[in-house]
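As structure tokens, the structure follows; a few thoughts come after it.
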DNA sequence: GGCTCCATCTGAACACTGTTCAGATGGAAT
DNA sequence: ATTCCATCTGAACAGTGTTCAGATGGAGCC
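Residue numbers (the numbering used here), protein chains in the order written: chain A, 78 to 298; chain B, 78 to 298.
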């Protein structure tokens, strides 16, 4: 009954791709394999995504949306102190990468359609969460351009979490922990220290208020 | 006369691979294309490298050797101040990535034979240059284990340069500079600031000496 | 109801990939 | 001069992404 007009094959293909990515990694991706898993002919995906790159781009877009959500949650869980919130974002960034290694690595490949509008929007949204955190910490209103110090802090924070995530996934830290099994423990212990050092080095401490009220002033939205 | 026994086909294949990587990137690598460029049958590489992964591993190993050299040079060019030397290494790391994007991206793929002895040695050697810089800055003798602060600084520095390099190559900073053409200028301007912030935040200032002698004391080798 | 339309999916084809393997080749050691 | 053997070929196989004419069947219209 549903050999044709599968329902939403589009969604099924995206899910199958994500599953394949999760268990075999992005290098082992195969369009035919995905079609096989969705129980469909190898030519079927072309009609929905045009290309293998099209399908991968859709999955990566979903990935960036997930990252955005994770960053927001990590930020919110960290309380009100702007620097703690930035650390919360950083931890969330790396945790996201460790929880979805295939997805994460896919998101920064050039096998994607880099000029796809949806992808650009999703990636930019994730980036804006970080920028928003920086604005808060530096007391810059949403419209204003960032001063040099803020740019530097933004780049430093983004680079450090991205590098940490990428190096961890590439197994480059494995000789430092207990060879890939204690990886999680190692990350939980060392990442926080790295983050606080970087944040303290490039983001100014919040202006002292009486420790009674938690509000941070009229600059914050 | 040289249809057979090419001389050193091994070397020719490595060079052809590197050239292909430079102009098309690692995602477009093809063993047959490399064989074609070396003027040889598609089965020839198998005898020297066994596998496509074997050839790529050899190229990546060469890449790590080059990175080691670049780090040493960048460190030496920065003078005697330990923190300046660390910044010099960081700049060299990112410049290496920008000069050899394909090579660099290949070096952190999992299409390699990660347990290859040569590769591990080469990668570890590059890492040790960075560790040596940290030892100098913290005044830790080569045999001694690193204290927690030094580990944190090492991870922070490595992560930040790696993340910066990777994000730049992925084009993730292009919206921030003049869309991919001013990339070089942007990097030269912002990287240094990022690096000094991170280094100053996680590496202690050298103990004050009279500004006459440049020697840094008996702790340094 | 019957009808047409059209997005959706198939099946076969094409060019390409990595890998394997029996055999040709020719330099080097005997 | 002859044997040996690392080196390389050519053909084969399975698997890949992509294209395209045609089958399928739901949705909308008369």
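We put the CB at the ideal spot given by N, CA and C, even for glycine.
Under the Cβ criterion (8 Å, minimum of three pairs), the segment 231-248 of chain A counts as touching the segment 160-175 of chain A. Here residue 220(B) carries a coil assignment [DSSP, helix/strand/coil]. Proximity of residue 252(B) to chain A, defined by a Cβ-Cβ separation below 9 Å, is satisfied. Using a Cβ distance threshold of 9 Å, residue 233(B) and residue 279(B) count as a contacting pair. Close partners of residue 152(A) in chain B (Cβ separation under 9 Å) are lacking, with about 19 Å as the shortest Cβ gap. Pairing residue 121(A) with residue 115(A) gives a Cβ-Cβ distance under 9 Å. If you look at residue 152(B), you'll find it in the alpha helix (DSSP H) that goes 129-154. Nearest in C-alpha terms to residue 195(B), of all of 136(B), 276(B), 252(B), is 136(B).
Of all alpha-carbon atoms in 186(A), 179(A), 199(A), the one lying nearest the alpha-carbon of residue 139(A) is that of 199(A).
At least one C-beta of chain B is nearer than 9 Å to the C-beta of residue 187(A). Listed by position along chain A, the residues whose Cβ is nearer than 7 Å to that of residue 239(B) are 240, 243, 244. Chain-order list of chain A residues neighbouring residue 104(B): 186, 187, 188, by C-beta distance under 8 Å. Relative to the Cα of residue 265(B), the nearest Cα in the group 164(B), 190(B), 128(B), 126(B) belongs to 164(B). In this structure, the straight-line span from the alpha carbon of residue 100(B) to that of residue 158(A) is close to 47 Å. CA-to-CA, the gap between residue 235(B) and residue 207(B) works out to about 8 Å. Contact residues of the segment 261-280 of chain A toward chain B are 267, 270, 271, 274, 275, 277, 278, 279 (C-beta to C-beta distance below 7 Å). Residue 88(A) counts as exposed, since fewer than 16 other beta carbons sit within 10 angstroms of its beta carbon. By the neighbour-count criterion, in which 16 or more other beta carbons inside 10 Å mark a residue as buried, residue 284(B) falls on the exposed side. Chain-ordered, the chain B residues with CB closer than 7 Å to the CB of residue 248(A) read 191.
Listed in chain order, the alpha helix (DSSP H) runs fully inside the segment 197-249 of chain B are 225-246, counting runs of at least 4 residues.
Interface annotation for the segment 222-234 of chain A against chain B: 225, 228, 229, 230, 232, 233, criterion Cβ-Cβ distance under 8 Å. The beta carbons of residue 133(A) and residue 182(A) sit no closer together than 9 Å. Contact annotation: residue 148(A) and residue 117(A) have beta-carbon atoms that are not nearer than 9 Å. Judged by their CB atoms, residue 143(A) and residue 180(A) are nearer to each other than the 9 Å cut-off. Sixteen is the threshold: when 16 or more other Cβ atoms of the shown chains lie within 10 Å of the Cβ of residue 178(B), as they do, the residue is buried. Under the Cβ distance rule, residue 200(B) counts among the residues neighbouring chain A, one pair being separated by less than 9 Å. Contacts with chain A (Cβ-Cβ distance below 8 Å) from the segment 95-125 of chain B involve 102, 104, listed in chain order.
Residue 92(B) and residue 221(A) have their alpha carbons spaced roughly 50 Å apart. In the DSSP assignment, residue 269(A) falls within the alpha helix (DSSP H) that extends over 260-279. Within its own chain, the residues whose Cβ lies closer than 7 Å to the Cβ of residue 95(A), once the five positions on either side in sequence are excluded, are 136, 180, listed in chain order. Boundaries cannot be given for residue 283(B), as no alpha helix (DSSP H) includes it and DSSP labels it neither H nor E.
Taking a contact as a CB-CB distance under 8 Å, the pair residue 151(B) and residue 169(B) counts as one, their CB atoms being some 3 Å apart.
Residue range 178-184 is occupied by the alpha helix (DSSP H) that includes residue 179(B). Its Cα nearest to that of residue 231(A), the residue 270(B) stands out among 270(B), 258(B), 160(B). Our two residues, residue 105(B) and residue 215(A), have alpha carbons roughly 43 Å apart in a direct line. For residue 123(B), the enclosing alpha helix (DSSP H) covers residues 121-126.
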